[in-house]
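Numbering (the numbering used here), first residue to last: 55 to 596.
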């Protein structure tokens, strides 16, 4: 038994017990129009007549994170959730106001997908055999999220049910689910598959009319195993026939969904096991490839459990960049397992600690937590990596032929691999992660600030170049007319448009390659490391 800090408190003041040390978590929201540079302030602690002022320093970088979310993120939620489900009447004005607040805090944490359940829709079958729906609550739900932030995805519910034992029962199969349906007097309910066809056709027509079809995703069934593949494919085909253009998404426990899924979401451990045999091929075929975590994987794998170091939560999205993934899913935003979210029974229950939730209820809305903020920070790290890639891609286009060899992903990947280098191998040192983030910021600024100098080595920075011989290639481009030196010596090969290249004959103990450029009074410097054996700073670059 222990006390683990996680939820943020809404109290304006907090009394601390004598003789007890407690940490303080500080977040500073930087406005988009804030001037770049060093900012200073202070944190003041008061008790009675005593006061203590602690200096606070903040570095504001000279670039903005994009409003666009380049990584799809969903964490499933229940609404209004504990304890509001006992206090707030469904579809009352307070209920809608609470939803708007909930949507805003979700958006602030860079989640860009929200669930929209079938229970928001009243579907009716008439004597004429036509399906007619009241989409009023569904539309207001979607519009409430759209008003709150950058939500790109609408995540619809599940359309299949399980027949037989549990998911792991090899005899179990998936069948069309029983969707809610009102019947006109004298009308009998058709078979479930027929209802599903009519339901989906009406839903697709409405989504298309609202301009939401390209944003929508629909689930077949959660976590199908290999013994479900055939029955799953049958229902997936029904969905595609009834609602063409509606993308199918699921968390999956097996490999063969070619032609049945547009968005594959394997568990992180399955992604590691079957990446080369199935999942890389799915992405190459045009599918989106996400991963999910839940009550597992555990052990060496990162996850967002309450008793894990926060680094394990943050590093998830460095892995997303490392493998060029498209999204992340977790089932538990606020699915508390008991009536008191601030108890072990409420936030853990039979699951790993904290698996079911990362946000907590306050007096009139939801509050953040250390884990939720850390996940947001990891998503921002992902955007840092993408911003550097974007700037290098734009530079490559501007350089034309001179930038032919520039790989816009190489440098972001070199820095990424200082933090994560496989699905389950990553630094355990928070300082290494924060140093990598600062390096990203510095290089993003340098691309815009100049003078122009881009350096690539083959093999990449941080890699091993074992003996003998120890030879690597260096390529770069600088401002035309620049003086460029490698290891203090002028480069021998440089074209009139600023391209330079050199074979690096590395000494037995040499690990560092220093490239310097001078153009008038302006200078640039790049340092790359090529090790004799396994890299001590980036074990993934080998």
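Glycine included, C-beta positions come from ideal geometry on N, C-alpha and C.
If you're wondering where the values come from, they're calculated on a predicted model, not measured in any experiment.
Length of the line joining the Cα atoms of residue i and residue j
{"i": "residue 505", "j": "residue 576", "result": "6 angstroms"}
{"i": "residue 179", "j": "residue 288", "result": "24 angstroms"}
{"i": "residue 412", "j": "residue 388", "result": "7 angstroms"}
{"i": "residue 341", "j": "residue 325", "result": "14 angstroms"}
{"i": "residue 65", "j": "residue 409", "result": "25 angstroms"}
{"i": "residue 570", "j": "residue 169", "result": "52 angstroms"}
{"i": "residue 460", "j": "residue 120", "result": "23 angstroms"}
{"i": "residue 564", "j": "residue 487", "result": "25 angstroms"}
{"i": "residue 426", "j": "residue 185", "result": "41 angstroms"}
{"i": "residue 109", "j": "residue 144", "result": "47 angstroms"}
{"i": "residue 562", "j": "residue 537", "result": "28 angstroms"}
{"i": "residue 533", "j": "residue 406", "result": "55 angstroms"}
{"i": "residue 183", "j": "residue 333", "result": "42 angstroms"}
{"i": "residue 559", "j": "residue 522", "result": "10 angstroms"}
{"i": "residue 464", "j": "residue 310", "result": "31 angstroms"}
{"i": "residue 83", "j": "residue 204", "result": "17 angstroms"}
Residue i (DSSP reduced to helix, strand or coil)
{"i": "residue 227", "result": "strand"}
{"i": "residue 303", "result": "strand"}
{"i": "residue 556", "result": "strand"}
{"i": "residue 293", "result": "helix"}
{"i": "residue 333", "result": "helix"}
{"i": "residue 377", "result": "coil"}
{"i": "residue 458", "result": "coil"}
{"i": "residue 550", "result": "coil"}
{"i": "residue 267", "result": "helix"}
{"i": "residue 196", "result": "helix"}
{"i": "residue 586", "result": "coil"}
{"i": "residue 466", "result": "helix"}
{"i": "residue 165", "result": "coil"}
{"i": "residue 218", "result": "coil"}
{"i": "residue 409", "result": "coil"}
{"i": "residue 257", "result": "helix"}
Assigned exposure category for residue i - 16 Cβ within 10 Å defines buried
{"i": "residue 70", "result": "exposed"}
{"i": "residue 547", "result": "exposed"}
{"i": "residue 60", "result": "buried"}
{"i": "residue 470", "result": "buried"}
{"i": "residue 498", "result": "buried"}
{"i": "residue 299", "result": "exposed"}
{"i": "residue 574", "result": "exposed"}
{"i": "residue 77", "result": "exposed"}
{"i": "residue 435", "result": "buried"}
{"i": "residue 366", "result": "buried"}
{"i": "residue 515", "result": "buried"}
N-terminal and C-terminal residue of the beta strand (DSSP E) that residue i is part of
{"i": "residue 384", "result": "381-384"}
{"i": "residue 525", "result": "525-532"}
{"i": "residue 343", "result": "342-347"}
{"i": "residue 571", "result": "566-573"}
{"i": "residue 92", "result": "91-101"}
Range covered by the alpha helix (DSSP H) that runs through residue i
{"i": "residue 424", "result": "424-453"}
{"i": "residue 323", "result": "322-328"}
{"i": "residue 117", "result": "Careful: residue 117 lies outside any alpha helix (DSSP H) and carries neither H nor E."}
{"i": "residue 155", "result": "147-162"}
{"i": "residue 179", "result": "Element bounds for residue 179: not the alpha helix (DSSP H) but the beta strand (DSSP E), 176-179."}
{"i": "residue 499", "result": "484-503"}
Near the ligand ZN: residue i beta-carbon under 7 angstroms from a heavy atom
{"i": "residue 100", "result": "What this structure holds is no ligand at all, so the ligand ZN is not there to describe."}
Exercise for the section: Taking 8 angstroms as the threshold, find out whether the stretch 80-97 comes into contact with the stretch 337-356 through three or more Cβ pairs. Expected result: no
Problem - Stretch pair the stretch 122-141 + the stretch 158-172: three plus CB contacts closer than 8 angstroms - result: yes
Handout entry: Contact between the stretch 476-493 and the stretch 508-527 (3+ Cβ pairs under 8 angstroms)
Key = no
Practice task
Could you say if the stretch 440-451 and the stretch 391-398 meet the contact criterion of at least three C-beta pairs nearer than 8 angstroms?
Solution key: no
Practice task
Examine the Cβ distances between the stretch 123-141 and the stretch 149-163 and report whether three or more of them are shorter than 8 angstroms.
Solution key: yes
Handout entry: Validate contact between the stretch 299-308 and the stretch 263-272 using beta carbons, cut 8 angstroms, 3 pairs
Key = yes
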